[in-house]
DNA sequence: GTCGGCTGATGACAGTTGTCACGGGTTTGT
DNA sequence: ACAAACCCGTGACAACTGTCATCAGCCGAC
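Chains as they are written, first to last, in our numbering: chain A, 25 to 225; chain B, 25 to 225.
Set out below in structure tokens:
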């Protein structure tokens, strides 16, 4: 019997995945949480062996949760299951110690198999995404540039970004200019959009 | 036996919802599609009575699919089930003839009940979202303003928007200026973000 | 029929943004 | 020790953006 923890902030999806996995004779959903920062405690309590983690969650992201799991409960294996197949996510998930990475548009019948493989200690990675991830390469942005771009996501003017980052406006514009150049964009809004689509933020 | 069609572009979610609903004795999933433009044909063929429609789908949006269903198969009832609880979506869904509107973080156990109510001819609307939708009121944007804002979503400069819209740059800036004023934003990126969050695009 | 709103356009203006060159500080690896 | 990268900042300039006034054609409502 494979003991599973489900982490997804959308209750309906979480419940539906539970129903799907409970159909399998050798799989048992032993815990469900809706926040990333509840994963470790729930995994410890329930004695889960495999954690299915969504990335977009309040509290901690699925990737951060995988990292925390590796640190606290190294025996537990993480399988990231997410909506967005952003190239950068794959690398970051693997760096965080995740054993697998699936996108939510893989066929439902493959999920149980992925869980079994991860449970056996194998790696499971969406092949299309793996290729894309290798093509795209790592993020070209420096820490600071990514940080500034994240603050630019909401469309606020330079003055607002500078205030939130505690930087001078000139410095912010320099970072943005660098980010625009590196992403191949022409405006900061486009750069922010591209960087997010690549999972660089 | 309530005959259901599932429409969601994420195969995993679709399959999981099918598993969840098939647990109910009086509900049967008779069709599944991953695109909005396959809904009507599949509903006709399968003799579905209730359609669960995601909004974000390739081909046609769930709202457009509901509209098409009302026109072609008026006996079929539509229940919108979506990730984003954008106020404007509720109104547009109801205008399109949808019988219900749920967000994906409602508890899984409530889904079957919602399906039954919709099947009985009742309306089912997420109460929080209904309130928010009434508060927010209808979109303040004119058709053209919304259209221009949609083109501004990717962060391209005015010249690019003007080219795609076949308008002069001056006119585009006028529309954007109006949209910025109406949304209470200070830049077009912020206006586009706000408008999208409200479901006005 | 006239008024008001939407649409398209122009021109002008101030303010913001993107770019560049430059300088100084820190850390990292050789 | 040194180079290379990063970070922060300044100042200047051209380009772009947001705003406003103004005009004109086209509806639909009263």
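The beta-carbon is built from N, C-alpha and C at its ideal position, and this holds for glycine as well.
Given the structure is predicted, the values throughout are model-derived calculations rather than measurements.
| query | Could you give the C-beta distance for residue 139 (chain A) and residue 26 (chain A), rounded to a whole number, given that I count them as a contact under 8 Å? | reply | About 6 Å separates the two Cβ atoms, so the contact holds.
| Proximity winner among A:212, A:76, A:144, A:187, relative to residue 60 (chain A) (alpha-carbon distances) | A:76
| task | May I ask which residues mark the beginning and end of the beta strand (DSSP E) holding residue 57 (chain A)? | result | 51-57
| query | Thinking C-alpha only, which one of A:156, A:111, A:63, A:200 is nearest residue 183 (chain A)? | reply | A:200
| request: Please list, in chain order, all residues of the same chain as residue 136 (chain B) whose beta carbon is under 7 Å from its beta carbon, the five residues on each side excluded. | output: 45, 48, 51
| task | For residue 211 (chain B), go through chain A and note every residue whose CB falls closer than 9 Å to its CB, in chain order. | result | 179, 180, 181, 213
| Nearest-angstrom Cα separation, counted from residue 141 (chain B) out to residue 43 (chain A) | 22 Å
| field | DSSP bridge partner residues for residue 125 (chain B) (one or two, in chain order) | value | Under DSSP, residue 125 (chain B) takes part in a beta bridge, and its partners are B:104, B:149.
| query | Since residue 109 (chain B) contacts residue 150 (chain B) with CB under 8 Å, what's their CB separation in whole angstroms? | reply | 7 Å
| Closer than 9 Å, Cβ to any Cβ of chain B: which residues of the segment 35-61 of chain A, in chain order? | 35, 36, 37, 38, 39, 40, 41, 42, 43, 44, 45, 46, 47, 58
| query | Which whole-angstrom value is the C-beta distance of residue 64 (chain A) and residue 30 (chain A), which I expect to be below 8 Å? | reply | Actually they do not touch by this definition, with Cβ atoms about 14 Å apart.
| field | residue 205 (chain A) to residue 103 (chain B) span [Cα, whole Å] | value | 45 Å
| query | Can residue 130 (chain A) be considered in contact with the ligand ADP, in the sense that its beta carbon sits closer than 7 Å to one or more heavy atoms? | reply | In the structure on display, the ligand ADP does not appear, and there are no ligands present to speak of.
| What is the DSSP secondary structure of residue 99 (chain A), reduced to helix, strand or coil? | coil
| query | Which residues mark the beginning and the end of the alpha helix (DSSP H) in which residue 135 (chain A) is found? | reply | 133-143
| Where residue 140 (chain A) meets chain B, residues with beta-carbon distance less than 7 Å | What residue 140 (chain A) touches in chain B: nothing, since even the nearest Cβ is about 16 Å away.
| request: Give every residue of the same chain whose Cβ lies closer than 8 Å to the Cβ of residue 148 (chain B), excluding the five residues on either side of it in the sequence, and list them in chain order. | output: 103, 123, 124, 125, 126, 138, 141, 142
| residue 188 (chain A) touches chain B at which residues, Cβ-Cβ below 8 Å? | None at all; the shortest Cβ gap to chain B is about 14 Å.
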